[in-house]
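Trainee: Have a look at this one.
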Amino acid sequence: MSRVLYLAHRIPYPPNKGDKIRSYNTIRHLALNHEVDLICLADDRRDLKHRKELSALCRKVAVLPLNTLKAKVNGVCSFLKGATISERYFYRRRFQRIFNAWTRETPYDAVICFSSPMAQYLLEDDFIATKGGSMRLIMDFCDVDSDKWVQYAGKTKFPLNALYKNEGLRLLRYEQKIHRMFDRSIFVSDHEASLFKELSKDEERIFVVPNGVDSDYFSEHERDVSEPNGKPTLMFAGAMDYYANVDGVRWFCHDILPEVRRGHPDIVFNIVGSNPLPTVTELSAMDDVHVTGFVKDIRPYYQEADVCVIPLRIARGVQNKVLEAMAMGKTVVTTPAAIQGIQVTHGKHVLVADSPKGFSETILSLMDDPERRVALGQAARACVQRDYSWNRNVSKLMDIALH
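Here UniProt numbering is used: the first residue of the sequence shown is 1, the next is one more, and so on.
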């Protein structure tokens with residue numbers, strides 16, 4: 001049984017947003033065959049109570065609260081000194097002390113860093129030179145974060161666009177440094193891996209480990225599509241304090257939904273996800289647009305939805321919201337950006353649209369064709385059951401890490 005130390009910038013429980021879904025399921029499946037120790041940060045003090053759920057999986061767990069105000073100040077100071085915001089935002093001396101103590105006490109077979117800011121804890125005190133040689137060092141970048149900041153720059157105005165562009169360029173240099181010093185670099189999709197190879201001018205030791213989905217948990221009970229199901233319903237799911245999600249639902253509500261309602265005036269749009277910003281909650285002033293905030297169980301909302309929409313104009317990696325909707329047997333209408341990391345075919349597993357006109361016309365055609373919705377949903381579920389199993393993908397991760 002191998003011993004693994006897992007470092008995460010955000011507590012992996014509850015698994016209610018993209019990065020936490022990946023880290024939690026990685027740990028959950030690692031723990032089936034390996035001893036796992038976890039050090040992580042919690043930027044919401046309410047999450048500290050979830051330590052017990054992680055202790056049931058891990059041998060040792062350290063969850064450290066992150067003061068977000070202090071973290072922001074540290075990030076700005078770091079940026080003014082020529083480094084990245086991201087590094088110092090997620091730095092805590094106590095985290096470093098625990099990491100140093102645990103790596104002295106335990107001869108880990110592998111250290112897995114989830115997200116690039118976690119790598120800084122291995123770069124101090126000559127750890128890699130003195131200890132790293134006896135441990136496999138794995139960097140799970142997940143996405144190419146540096147390119148995400150560059151994308152943000154293209155969607156904003158001065159001075160934010162200048163800040164975002166600089167952060168992206170600095171973060172790329174940091175990502176390249178990490179890649180040179182670690183044994184393996186992991187990405188969530190072929191698209192992200194190829195992008196990093198292109199940006200870093202390096203093709204060595206770069207691997208792909210996709211996300212998965214629990215298709216037993218996300219499973220819709222069959223129902224007769226000929227029976228009325230109340231008002232026709234559309235749904236979007238995601239953390240609603242995340243820029244790309246906020247941009248997507250606002251674009252949908254202002255540019256797409258009015259056209260859909262020309263054909264179906266009674267259509268409902270549910271925006272389901274935690275921490276909605278004011279720019280999201282204000283959308284609930286529109287007729288039949290519902291902003292739920294945090295929900296304990298998202299599955300009833302999926303079951304109610306006739307179509308799941310993914311109107312993301314900025315997207316990185318693999319969108320868990322797409323995999324979950326597919327596992328629920330839902331028809332998905334998505335932008336090309338949101339499925340870059342998922343092996344699906346337009347017209348077979350999902351429907352793709354990249355303009356307000358394309359989105360609205362696709363949705364309207366589906367509302368009048370329930371049999372097609374069922375066929376697409378069945379094909380989508382079969383796809384994720386075949387290709388997106390967490391158990392298989394985490395086994396692949398450990399094969400990469402240890403061999």
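Glycine is no exception: its CB is placed at the ideal position from the N, C-alpha and C atoms.
Out of curiosity, what's the CA-to-CA distance linking Y302 and L80?
Mentor: Between Y302 and L80, the C-alpha separation is close to 45 angstroms.
Trainee: Taking C-beta to C-beta, are A212 and Y388 nearer than 9 angstroms?
Mentor: The sequence shown places Gly at residue 212, rather than the Ala named in the question. Cβ atoms of G212 and Y388: closer than 9 angstroms.
Trainee: Check the C-beta distance from L171 over to S146 and give it rounded, since I have them as a contact under 8 angstroms.
Mentor: Between S146 and L171 the Cβ distance is about 4 angstroms, and since that is below 8 angstroms, they are a contact.
Trainee: Skipping 5 residues on each side, what residues in its chain have a beta carbon closer than 6 angstroms to that of I308?
Mentor: The displayed chain sequence assigns Cys, not Ile, to residue 308. Same-chain partners within the cutoff: M235, A325, K330 and V332.
Trainee: Using the rule of at least 16 other Cβ atoms within 10 Å of the residue's Cβ for burial, across every protein chain shown, is S355 buried or exposed?
Mentor: So S355 counts as exposed.
Trainee: Contact check, I206 vs F196 under 8 angstroms by CB: the rounded distance?
Mentor: Between F196 and I206 the Cβ distance is about 6 angstroms, and since that is below 8 angstroms, they are a contact.
Trainee: Are the beta-carbon atoms of R372 and L364 separated by less than 9 angstroms?
Mentor: No; because the gap between Cβ atoms is not below 9 angstroms, this pair is not in contact.
Trainee: What are the residues that DSSP puts in a beta bridge with H290?
Mentor: Paired residues: N270.
Trainee: So what's P228 in DSSP terms, helix, strand or just coil?
Mentor: Because P228 sits at a pLDDT of 43, beneath the cut-off of 50, its placement in the model cannot be relied upon, and the following sentence gives the value as read from the coordinates. P228: coil per DSSP, three-state reduction.
Trainee: Just to confirm the assignment, what range does the alpha helix (DSSP H) spanning K70 have?
Mentor: Where K70 is concerned, the enclosing alpha helix (DSSP H) stretches over T68 to L80.
Trainee: Could you give the distance in angstroms between the alpha-carbon of A379 and the alpha-carbon of T335?
Mentor: Whole-angstrom Cα-Cα distance: 19 angstroms.
Trainee: Please classify K17: is it buried, with 16 or more other beta-carbons within 10 angstroms of its beta-carbon, or exposed?
Mentor: K17 is buried by the Cβ-count criterion.
Trainee: Tell me whether the segment 124-131 and the segment 32-49 touch, counting them as touching only if at least three CB pairs, one residue from each stretch, are closer than 8 angstroms.
Mentor: Flag = no, the segment 124-131 and the segment 32-49 do not touch.
Trainee: Just how far apart, CA to CA, sit S134 and L66?
Mentor: Distance between the alpha carbons of S134 and L66 is about 31 angstroms.
Trainee: Per DSSP, K60 is paired with what?
Mentor: For K60, which the question treats as bridged, DSSP gives the partners D37.
Trainee: Rounded to a whole number of angstroms, what is the C-alpha to C-alpha distance between I39 and V209?
Mentor: Approximately 22 angstroms between the Cα atoms of the pair.
Trainee: In or out: E12 buried (at least 16 other Cβ within 10 Å) or exposed?
Mentor: It is worth fixing the name first, because residue 12 is Pro in this sequence and not Glu. That one is buried.
Trainee: Which of the three DSSP states, helix, strand or coil, is assigned to A42?
Mentor: Looking at A42 - three-state DSSP - the assignment turns out to be strand.
Trainee: When the Cα atoms are used, what is the spatial distance from N74 to H9?
Mentor: For N74 and H9, the distance between alpha carbons rounds to 15 angstroms.
Trainee: The alpha helix (DSSP H) with F95 in it runs from where to where?
Mentor: Run containing F95: R93 to E105, per the alpha helix (DSSP H) assignment.
Trainee: Taking C-beta to C-beta, are D214 and W390 nearer than 9 angstroms?
Mentor: In this structure, W390 lies closer than 9 angstroms to D214 by Cβ.
Trainee: Does the segment 240-253 come close enough to the segment 269-278 that 3 or more CB-CB pairs lie under 8 angstroms?
Mentor: Contact between the segment 269-278 and the segment 240-253 is present, because at least three Cβ pairs lie under 8 angstroms.
Trainee: Could you tell me the distance, in whole angstroms, from the CA atom of D399 to the CA atom of V350?
Mentor: Cα to Cα, D399 sits roughly 31 angstroms from V350.
Trainee: Could you give the distance in angstroms between the alpha-carbon of L54 and the alpha-carbon of V61?
Mentor: Near 7 angstroms, if we compare the C-alpha coordinates of V61 and L54.
Trainee: Which of the three DSSP states, helix, strand or coil, is assigned to T130?
Mentor: Note: T130 maps to helix in three-state DSSP.
Trainee: So V111 packs on L123, CB below 8 angstroms; how close in whole Å?
Mentor: The Cβ separation is near 12 angstroms, so there is no contact.
Trainee: What's the gap between the Cα of V150 and the Cα of G230?
Mentor: The straight-line gap from Cα to Cα measures roughly 43 angstroms.
Trainee: Express the C-alpha separation of P276 and H290 in angstroms, rounding to a whole number.
Mentor: Approximately 11 angstroms between the Cα atoms of the pair.
Trainee: For S86, which option in F95, T345 and V76 has the closest C-alpha, if you only look at C-alpha atoms?
Mentor: The residue with the shortest Cα to Cα distance from S86 is V76.
Trainee: Give the C-beta separation of L402 and S2 to the nearest angstrom, bearing in mind that I take them to be a contact with Cβ-Cβ under 8 angstroms.
Mentor: That pair is a contact at about 6 angstroms.
Trainee: Starting from D147, trace the alpha helix (DSSP H) in both directions and tell me its first and last residue.
Mentor: It spans D145 to K155 - the alpha helix (DSSP H) in which D147 sits, taken as one unbroken run.
Trainee: What are the residues that DSSP puts in a beta bridge with D346?
Mentor: The sequence shown places His at residue 346, not Asp. Answer is V350.
Trainee: What does the Cβ neighbour count give for Q319, buried or exposed, with the cut at 16 atoms within 10 Å?
Mentor: Per the 10 Å Cβ criterion, buried.
Trainee: So, helix, strand or coil for V295, using DSSP?
Mentor: Coil, per DSSP.
Trainee: Thinking C-alpha only, which one of Q96, P159, V384 and M286 is nearest A119?
Mentor: Looking at the Cα atoms, Q96 is the closest of the given residues.
Trainee: Who are the near neighbours of residue 406 in its chain, counting only those whose CB is closer than 8 angstroms to its CB and skipping five residues on each side?
Mentor: For the chain, the structure presents residues 1 to 403; residue 406 sits outside this window and is missing.
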